[in-house]
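J.: Just dropping this structure here.
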Amino acid sequence: MLRIFMANVFLINAPYTEVYSKVPTAEGLNPPLGLAYIAAYLRENGHEIKILDCEAFKIGLKDLHKYIPSDIDVLGVGSMSASVNSSNKTIEIVKERNPDCKAVMGGSHMSAIPELTLKSYPKLDYGIMGEAEETMLELVNAIEKEKDTENILGTASRAKDGNVRVNPRRSLIEDLDKMPYPAYDLLPMKKYSPPAHHTNFDGTVKLTPFSLFFSSRGCAYNCTYCASKVVWTRKMRFRSAENVLGEIDLLHQDYGVHCLEIADDIFPIEGPRLHKILDGLIERNYDLKFNCLNRVDLVRKLDTMKKIRKAGCYLMRFGVESGSEIVLKSMKKYTTKDQIRDAFKMCKEAGIPNSASLIIGHPGETRETFRETLDLMKEVQPTIAHFFIAIPLVGTELYDMAIKDNLIENPDWENWVQMPEIPVMRNESLSPHDMLELRKMAYKEFYFRPSYLIQKFLSIRNFEQIKYYLRGARAVVSLLKVKEIA
Ligand code: B12
Ligand code: SF4
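Position 259 (the sequence shown) corresponds to 259 in this note's numbering; numbering is contiguous.
Shown next, in the form of structure tokens:
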């Protein structure tokens with residue numbers, strides 16, 4: 001007799017606020033798009049999927065068991081380093097009710113160190129490295145049909161001899177337009193909102209409904225501290241303008257989205273595709289604004305920048321990282337101080353509010369190089385600046401440097417965040433304590449300059465802006481209060 005077994009697949013966005021949100025700059029909530037992409041792809045191929053977003057429903061590990069059904073066959077969780085322990089505890093909780101279910105982990109952390117991760121978490125059955133849609137489908141199909149799973153490309157698993165078996169990765173999906181849009185319908189889309197520090201400089205951005213959004217995958221650059229390549233490799237793949245605009249139509253028309261975070265590693269890359277997307281947005285004239293990431297050396301044409309603003313860009317975010325060319329070189333950022341100056345100047349001319357994020361404590365950084373950074377930020381005056389502490393993310397060159405030179409001092413994964421209470425690493429000149437001290441100094445000097453305060457005060461035109469600035473001020477003050485390690 002034919003046995004029909006349909007695997008129940010349950011994807012969980014494990015709780016992470018407890019580690020990530022120790023400081024209120026983290027306010028805001030992103031939809032777990034990785035899970036939504038996996039869900040859409042499995043569903044298109046005949047599977048039934050559920051997603052539980054613990055963050056959206058404010059479910060902590062303590063209460064998670066109450067939300068776990070008892071018919072799960074395959075459980076999927078993601079992994080960023082800082083919350084990988086939480087992902088693992090999620091697996092343990094699910095397996096208490098579903099002892100036979102197979103637990104699969106994907107995401108950045110697993111992609112970088114599959115063997116160590118499987119060894120560290122005995123309840124975890126499979127890891128998926130890199131882009132995961134096709135691999136997860138093959139794995140779920142094999143589990144469902146009780147077939148051998150040992151040789152599936154892109155997976156890590158426990159071999160029969162007890163060792164961890166790590167298979168080669170599979171090739172990337174060639175045509176991203178063939179992928180279904182993320183399964184937004186499985187997510188509580190009304191609950192998401194952008195982080196406090198991204199928004200509403202002029203009080204005109206409707207913050208919700210909000211979504212994260214990707215028009216491409218990957219980045220061709222190779223900055224030492226960045227984990228993008230760990231999942232996506234260094235090949236950039238782009239969805240067509242039509243496909244991108246189709247998804248924006250869906251988000252705006254079906255989910256009422258007013259605010260998008262275009263989280264592509266680099267979005268505004270000059271060329272016909274960008275212009276088609278911008279023209280499409282201008283033509284639609286939706287009540288929808290977006291923020292996006294860019295590199296300073298890719299800001300070249302004022303006309304394009306003006307068009308980006310017209311299309312609804314309320315914030316362009318730059319990973320400036322340092323104002324010292326010695327450190328920029330050590331980071332393999334391949335940008336210069338003049339490019340930084342020119343990019344912020346052009347943003348101002350185009351009327352695009354902007355942000356600069358900076359890293360404190362990369363190898364090569366000294367008190368003097370950080371002084372250069374701070375002085376440059378005060379000179380170019382981004383609308384806002386974030387001063388993050390270096391994290392040697394697994395799978396990056398910075399991680400290799402940190403291991404080689406024995407720089408890691410506080411290895412608990414919970415510390416692997418950009419605003420840590422205890423920084424993960426030191427460098428040759430700065431201790432974790434020095435880095436916290438420099439961060440404090442940076443926030444004080446950047447935000448409490450009389451010229452900055454007067455400028456912000458004079459720019460206030462409406463109540464929304466007052467609310468926004470009060471939120472920002474609260475975040476900065478709380479950062480200044482973060483207690484320092486001895
Ligand atoms: C949005 C985002 C966030 C959001 C979280 C959004 C969310 N709900 O998931 C917020 C702002 C909270 C965040 C916080 C942090 N982030 Co973040 N974030 C991103 C960003 C920009 C996009 C993530 C995303 O949605 N990508 C799109 C989807 C499609 O990709 P994906 O998630 O990787 O999923 C694919 C695969 O990885 C895999 N996959 C992922 N999950 C799962 C689960 C299963 C079951 C399976 C099978 C497969 C699978 O399949 C997906 C499709 O192929 C990425 C950079 C990037 N370009 O991806 C950084 C990134 C993931 N973040 C990173 C970091 C470092 C952080 C922070 C530490 C930074 C900080 N401020 O301190 C914190 C840590 C928070 C935590 N949870 O521990 C690093 C991760 C490195 C690491 N080893 O941890 C990245 C890669 C940035 C970078 N370039 O270095 N982040
Ligand atoms: S930091 Fe930005 S430019 Fe550098 S590799 Fe990462 S995504 Fe690319």
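The C-beta atom is built at its ideal place from N, Cα and C for all residues, glycine as well. Predicted model, so just to flag it, every value in this text is computed and none were measured.
Can you say whether M377 is buried or exposed, counting buried as having 16 or more other CB atoms within 10 angstroms of its CB?
T.: Classification for M377: buried.
J.: In terms of residue numbering, what span does the beta strand (DSSP E) encompassing C313 cover?
T.: From DSSP, the beta strand (DSSP E) with C313 extends over C313 to E321.
J.: Counting along the chain, where does the alpha helix (DSSP H) carrying E464 start and finish?
T.: Segment F463 to K481, the alpha helix (DSSP H) holding E464.
J.: Counting Cβ pairs closer than 8 Å, one from the segment 122-135 and one from the segment 152-170, do we hit at least three?
T.: The answer is yes - the segment 152-170 touches the segment 122-135, with three or more Cβ pairs under 8 Å.
J.: Got a sec: does ligand 2 put a non-hydrogen atom nearer than 7 Å to the Cβ of D297?
T.: Incorrect: D297 has no Cβ contact closer than 7 Å to ligand 2.
J.: Using a threshold of 7 Å, is the CB atom of F387 nearer than that to any non-hydrogen atom of ligand 1?
T.: F387: no, Cβ never under 7 Å from ligand 1.
J.: Skipping 5 residues on each side, what residues in its chain have a beta carbon closer than 7 Å to that of M80?
T.: G107, S108 and H109.
J.: Would you grab the beta carbon distance between L260 and L288 for me? Rounded to a whole angstrom, and I think it's under 8 Å.
T.: Correct: roughly 7 Å between the Cβ atoms.
J.: Count the other CB atoms, across all protein chains shown, that sit within 10 Å of the CB of L2; report buried if there are 16 or more and exposed otherwise.
T.: Because L2 sits at a pLDDT of 47, beneath the cut-off of 50, its placement in the model cannot be relied upon, and the point is left open.
J.: Taking three-plus beta-carbon pairs below 8 Å as touching, is the segment 201-211 in contact with the segment 158-173?
T.: No: the two stretches stay apart, fewer than three of their Cβ pairs being nearer than 8 Å.
J.: Please work out which residues of its chain come closer than 6 Å, Cβ to Cβ, to S193, disregarding the five sequence neighbours upstream and downstream, and give them in chain order.
T.: Here the set comprises G28, L29, L207, T208 and F210.
J.: Assign K481 to one of two classes, buried (16 or more other C-beta atoms within 10 Å of its C-beta) or exposed (fewer than that).
T.: It is exposed - the Cβ of K481 has fewer than 16 other Cβ atoms within 10 Å.
J.: Any heavy atom of ligand 1 closer than 7 Å to the CB of Y443?
T.: False, no ligand heavy atom lies under 7 Å from that Cβ.
J.: How many angstroms separate the CA atom of I308 from the CA atom of D71?
T.: Computed Cα separation, rounded: 48 Å.
J.: Determine contact between the segment 85-103 and the segment 52-70, defined as no fewer than three beta-carbon pairs at a distance below 8 Å.
T.: Taking 8 Å as the limit for Cβ pairs, the verdict is that the segment 52-70 does touch the segment 85-103.
J.: Does the Cβ of A475 lie closer than 7 Å to at least one heavy atom of ligand 1?
T.: Checking the Cβ of A475 against ligand 1 gives no.
J.: Consult DSSP for G106 and reduce its assignment to one of helix, strand or coil.
T.: Three-state DSSP puts G106 in coil, outside helix and strand.
J.: Does DSSP classify S355 as helix, strand or coil?
T.: Strand.
J.: Does the segment 311-329 come close enough to the segment 280-298 to have 3 or more Cβ pairs within less than 8 Å?
T.: Touching, yes, given that three or more Cβ pairs across the two stretches are closer than 8 Å.
J.: Extract the residue ranges of the alpha helix (DSSP H) inside the segment 336-397, only unbroken runs of 4 or more that lie entirely within it.
T.: Entirely contained in the segment 336-397, the alpha helix (DSSP H) runs reaching 4 residues are, in chain order, 337-350 and 367-380.
J.: With H, G and I counted as helix, E and B as strand and the rest as coil, what does DSSP make of M401?
T.: The answer is helix: DSSP assigns M401 an H, G or I state.
J.: Buried or exposed, going by whether 16 or more other CB atoms sit within 10 Å of the CB of I485?
T.: Confidence at I485 is low in this model, with a pLDDT of 48, below 50, so the placement of that residue should be treated as unreliable; the coordinate-derived value is given next. By the neighbour-count rule (16 or more Cβ atoms within 10 Å), I485 is not buried but exposed.
J.: As an exercise, report each continuous beta strand (DSSP E) stretch of at least 3 residues that is fully enclosed by the segment 63-109, in chain order.
T.: The segment 63-109 contains these whole beta strand (DSSP E) runs: 74-77 and 102-105.
J.: Nearest-angstrom Cα distance between T336 and P188?
T.: Looking at the two C-alpha atoms, the distance is approximately 43 Å.
J.: Cβ of V74 within 8 Å of Cβ of V104?
T.: In contact: V74 and V104 (Cβ atoms closer than 8 Å).
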